[in-house]
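**Student:** Numbering-wise (numbering that gives the first Met the number 0), the sequence shown opens with residue 0 and increments by one. I'd like to ask you about the structure that follows.
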Amino acid sequence: MITARAPGRVNLIGDHTDYTGGLVLPMAIDLATTVEGEPGGDTVVLSSADEGSEAVVPLDVADPPSVSPPWARYVAGVVAVMRPAGGLRGSVSTTLPLGAGLSSSAALEVAVALALGFDGTPLALAHLCQSAEQVASGVPCGIMDQLASAAGVEGHALLIDCTSLDVTPVRMPDAVDVWVVHSGVPRGLAGSAYADRRAECDEAAARIGPLRAATVADASSLSDPLLRRRARHVVTENERVGAFADALTAGDIDELGPLMTASHASLRDDFEVSIPVLDELVDRLAATPGVIGARLTGAGFGGCVVALAHPGATLSPGARRVRAATGASLTTQ
Ligand code: GLA
0 MITARAPGRV NLIGDHTDYT GGLVLPMAID LATTVEGEPG GDTVVLSSAD EGSEAVVPLD
60 VADPPSVSPP WARYVAGVVA VMRPAGGLRG SVSTTLPLGA GLSSSAALEV AVALALGFDG
120 TPLALAHLCQ SAEQVASGVP CGIMDQLASA AGVEGHALLI DCTSLDVTPV RMPDAVDVWV
180 VHSGVPRGLA GSAYADRRAE CDEAAARIGP LRAATVADAS SLSDPLLRRR ARHVVTENER
240 VGAFADALTA GDIDELGPLM TASHASLRDD FEVSIPVLDE LVDRLAATPG VIGARLTGAG
300 FGGCVVALAH PGATLSPGAR RVRAATGASL TTQ
């Protein structure tokens with residue numbers, strides 16, 4: 000019997016920067032997906048009590064997006080990219096809210112890959128699972144979610160440089176609690192909006208060079224106003240991630256809130272991935288006593304808001320406190 004466990008993630012700051020080689024600061028959280036089973040056979044069969052259905056994926060699966068039920072596509076994506084030597088029969092369960100923007104799909108992919116015998120570095124695991132996500136969903140996602148799930152460090156956020164792929168753990172101060180609040184709007188990544196944003200960033204980079212190295216002046220030089228805004232978001236967000244990580248390390252808690260506010264405004268106005276429900280939630284949380292700052296987290300278009308708060312603060316009903324957790328693991332009995 001093997002048990003593979005992979006956490007979800009919340010991104011503290013640095014959204015829509017990973018696929019441009021930028022900086023992100025996610026942390027793996029203490030909500031996770033577990034795959035248990037017995038290796039063998041030439042099929043992966045996983046029952047899900049949370050979904051009330053079963054994934055049946057042959058090892059030679061040809062077209063993951065056509066697999067049913069929809070959650071089984073992520074299992075099929077891992078099988079198609081990894082081509083494991085043998086199958087697995089077992090079950091999958093999760094404490095993560097599904098489709099809420101806390102990377103339940105990345106956690107599923109990472110847990111399945113480990114359960115199917117993946118043996119390599121956390122970075123290699125993340126690359127495999129990023130490909131699986133792209134194959135399964137058709138969304139050209141970056142590497143943040145899978146890398147946070149694979150490489151999480153208890154009590155730390157992860158400063159990830161998506162150019163070098165260096166991962167630097169940043170200790171979370173005791174004086175900061177991390178909360179997630181679901182907007183109630185399911186995160187609809189699979190639409191074309193994510194791919195559109197990525198293509199716009201590619202277009203901007205084709206004109207001014209890699210956005211990671213670009214300055215605000217470079218972004219301002221773009222004649223197309225839409226590309227100008229997209230590039231400005233990426234350039235300023237990278238700066239905010241660096242400043243945020245420095246402030247966490249130095250214990251400068253007062254600097255965190257304004258950086259989160261500016262990040263949300265940039266995602267809303269320049270990158271246009273927020274929706275009114277998220278904007279209102281961020282405003283309400285930011286005005287709550289004890290809250291240090293709030294912003295949308297992840298891709299946007301729905302999903303969750305992340306808020307930092309002083310210990311003892313009371314957030315809205317439905318808010319959930321999360322802790323920085325260790326990355327994915329495998330145990331064999
Ligand atoms: C999704 C993607 C990530 C990242 C975020 C936005 O979560 O899977 O790669 O691009 O959106 O920061």
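Ideal Cβ positions, reconstructed from N, Cα and C, are used throughout, including at glycine. Remember, predicted model here, so these are calculated numbers, not experimental data.
What span of residues does the beta strand (DSSP E) with residue 329 cover, start to end?
**Tutor:** 328-331
**Student:** Considering just the uninterrupted stretch of the beta strand (DSSP E) at residue 310, what are its terminal residues?
**Tutor:** Counting along the chain, residue 310 falls outside any beta strand (DSSP E), and DSSP gives it neither H nor E.
**Student:** Is it buried or exposed for residue 341, if we count other Cβ within 10 angstroms and need 16 for buried?
**Tutor:** No answer is possible for residue 341: it lies beyond the span of the chain, which begins at 0 and ends at 332.
**Student:** Which same chain residues end up closer than 7 Å to residue 98 when comparing Cβ atoms and leaving out the 5 residues on each side of it in sequence?
**Tutor:** 185, 186
**Student:** Just grab the DSSP bridge partners of residue 10 for me.
**Tutor:** Residue pairing of residue 10 in beta bridges, as defined by DSSP: 25.
**Student:** According to the Cβ coordinates, are residue 91 and residue 34 closer than 8 Å?
**Tutor:** yes
**Student:** When burial is assigned at 16 or more other CB atoms within 10 Å of the CB, is residue 17 buried or exposed?
**Tutor:** It is buried - the Cβ of residue 17 has at least 16 other Cβ atoms within 10 Å.
**Student:** If you check the beta carbons only, do residue 277 and residue 306 fall under 8 Å apart?
**Tutor:** no
**Student:** Using C-beta distances below 7 Å, list every residue in its chain close to residue 274, excluding the 5 sequence neighbours before and after it, in chain order.
**Tutor:** 184, 300, 301
**Student:** Among the residues of its own chain, which have a CB less than 6 Å from the CB of residue 204, if the five just before and after it don't count?
**Tutor:** 210
**Student:** Within the chosen definition, does the segment 68-87 reach the segment 98-117 through at least 3 CB pairs nearer than 8 Å?
**Tutor:** yes
**Student:** I believe residue 111 touches residue 77 by the beta-carbon criterion, under 8 Å. Please report the beta-carbon distance rounded to the nearest angstrom.
**Tutor:** 5 Å
**Student:** Decide if residue 171 is buried, meaning its Cβ has at least 16 other Cβ atoms within 10 Å, or exposed.
**Tutor:** buried
**Student:** Thinking residue 175 and residue 291 are a contact (beta carbons under 8 Å), I'd like their distance in whole angstroms, please.
**Tutor:** 7 Å
**Student:** Let me check understanding here. Comparing Cα to Cα, which of 58, 52, 231 lies closest to residue 75?
**Tutor:** Ranked by Cα distance from residue 75, the first of 58, 52, 231 is 58.
**Student:** Rank 60, 50, 80 by C-alpha distance to the C-alpha of residue 68 and give the top, closest one.
**Tutor:** 50
**Student:** What I want to know is whether the C-beta of residue 18 ends up closer than 7 Å to one or more non-hydrogen atoms of the ligand GLA.
**Tutor:** With a cutoff of 7 Å, residue 18 counts as near the ligand GLA, since its C-beta is closer than that to a heavy atom of the ligand.
**Student:** If you measure from the CB of residue 26, is any heavy atom of the ligand GLA nearer than 7 Å?
**Tutor:** A distance criterion of 7 Å places the beta-carbon of residue 26 beyond contact range of the ligand GLA, judged by its closest non-hydrogen atom.
**Student:** Mapping DSSP to helix, strand and coil, what is residue 260?
**Tutor:** Three-state DSSP puts residue 260 in a helix.
**Student:** So residue 107 is in the alpha helix (DSSP H); what residue range does that whole segment cover?
**Tutor:** Unbroken alpha helix (DSSP H) run through residue 107: 103-114.
**Student:** Would you call the segment 144-154 and the segment 312-323 touching, i.e. three or more CB-CB distances under 8 Å?
**Tutor:** yes
**Student:** Helix, strand or coil: which one does DSSP assign to residue 94?
**Tutor:** coil
**Student:** So, with DSSP's three-state summary, where would you put residue 38?
**Tutor:** strand
**Student:** Taking the alpha helix (DSSP H) that residue 252 falls in, what are its first and last residues?
**Tutor:** No alpha helix (DSSP H) holds residue 252; DSSP gives it neither H nor E.
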